[in-house]
Amino acid sequence: MHDPIAAILDKQPLMILDGALASELERRGADLADPLWSAKLLIESPDAIRRLHADYYAAGADVAITASYQASFQGFAARGLDRYEAVRLMRLSVGLAREARDGFWAVEANRAGRVKPLVAASVGPYGAVLADGSEYRGDYGLTVSQLMDFHRPRLDALLSAGPELLACETLPSMLEAEALARVLSDDFTDARAWVSFTCRDGAHTADGGVFADAVALLSGVEQVVAVGVNCTAPAYVAELISRASVVSTKPLLAYPNSGERYDAEHKCWHGRADDFAALAHDWFAAGARLIGGCCRTGPADIRALSVWRRELAAAGTGRG
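Structural data, given as structure tokens:
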């Protein structure tokens, strides 16, 4: 099976991911105070999602991550939507990113110096469905088998819409990574995915597990074509990527938060954002070859990364 990440990294030293979806949509005026979070706009304002994907492609992103992070059969059922409608909305999340990508790529001037961008279907952790911050603790009390049963139908729905990749992201534990890896290996052998963890410090996943052990678990999984960290404080990323590089030969990815802290109780952000693009130099030096942003980053951050990527390419740095 074709590996879309390897195909891009064969041509350029760095693959640029997009930035935040939900927090950027909120900055643009969307009300996401809802258990469905950004998936709410799949129902109410899909054009807002499509426009943001288009803005990220224009800023230089090589991939857009869909608005399906918090999409689930359970979440949509709580809104009175049946299984058919839930599948339609999950497929729509992929379709919106594909439409934005195809519209961008149809303009000849946009192709100059670019590879054709990808669409990655976001697969959020079980905790995201609970909408209570559980993905930052990992304390679900579910078995691997139960997590497999939760993820399997979501993956099926998303893959049926034809994304190039799955973005299995913000995983708080090795247990959930194992569940996803087993579902991919057993049921979706032709799929390709990246797996990224949310971490509490420079060595541990959100549930306190050893990050390097979680990365090593995925080393032999053919369907997993990149591994790394997201939705984590930028200050921890270089150390985490360094640890991953010791136990994995897969491409490493990093798309942390802006550096601000989220207060889950009051649902607001605190602190001053770090110089995101400057910190990315350290992540690249540690071994990351897919870099983007998570919460509170935006198109300006991705544009700065894209400019830096062109400088790396011109200098012949990091290719291969």
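Heads up: the sequence shown at position 265 corresponds to 265 in UniProt numbering, and the numbers run straight through without jumps. Even glycine gets a Cβ: it sits at the ideal position worked out from N, Cα and C. Predicted model only: the values in this text are computed from it and were never measured.
message: Between Leu253 and Trp194, how many whole angstroms is the CB-CB distance? I'm expecting something under 8 Å.
response: Correct: roughly 6 Å between the Cβ atoms.
- prompt: Glu26 lies in the alpha helix (DSSP H); which residues open and close that run?
  reply: Where Glu26 is concerned, the enclosing alpha helix (DSSP H) starts and stops at 22-27.
query: Hey, how far is the Cα of Cys4 from the Cα of Met148?
result: Just to set this straight, residue 4 is Pro in the shown sequence, not Cys. Whole-angstrom Cα-Cα distance: 25 Å.
Simplified DSSP state of Arg319, which is helix, strand or coil: Note that Arg319 has pLDDT 46, beneath the 50 cutoff, so the model's placement of it is unreliable and the number below is only indicative. It is coil, neither helix nor strand.
query: Counting Cβ pairs closer than 8 Å, one from the segment 155-165 and one from the segment 201-220, do we hit at least three?
result: Verdict: no, contact absent.
Candidates Ala179, Tyr136, Asp190, Gln146, of which the one nearest Pro172 by Cα: It is Tyr136 whose Cα lies nearest to the Cα of Pro172.
query: Who are the near neighbours of Gly320 in its chain, counting only those whose CB is closer than 6 Å to its CB and skipping five residues on each side?
result: Because the pLDDT of Gly320 is 38, which lies under 50, any placement of that residue in the model is unreliable, and the number read from its coordinates should be weighed accordingly. Around Gly320, the same chain offers no residue with a beta carbon nearer than 6 Å, after the five sequence neighbours per side are excluded.
Buried/exposed call for Tyr84, threshold 16 Cβ in 10 Å: It counts as exposed.
message: In chain order, what are the residue ranges of uninterrupted alpha helix (DSSP H) at least 4 long that sit wholly in the segment 99-187?
response: Listed in chain order, they are 126-130, 144-159, 174-187.
query: For the beta strand (DSSP E) that Arg289 lies in, which residues bound it at each end?
result: Counting along the chain, Arg289 sits inside the beta strand (DSSP E) bounded by residues 288-291.
query: Count the other CB atoms within 10 Å of the CB of Glu222; is the residue buried (16 or more) or exposed (fewer)?
result: In the assembly as shown, Glu222 is an exposed residue. Its beta-carbon has fewer than 16 other beta-carbons within 10 Å.
- prompt: Between the C-alpha atoms of Leu25 and Gly209, what's the straight-line distance to the nearest angstrom?
  reply: Their backbone Cα atoms lie some 32 Å apart in a straight line.
message: For Leu41, report the span of its alpha helix (DSSP H) as first-last.
response: Taken as a continuous stretch (DSSP letters only), the alpha helix (DSSP H) holding Leu41 covers 40-44.
field: Closest by C-alpha distance to Ala39, when choosing among Arg98, Arg182, Phe76, Ala20
entry: Here the closest residue by C-alpha is Phe76.
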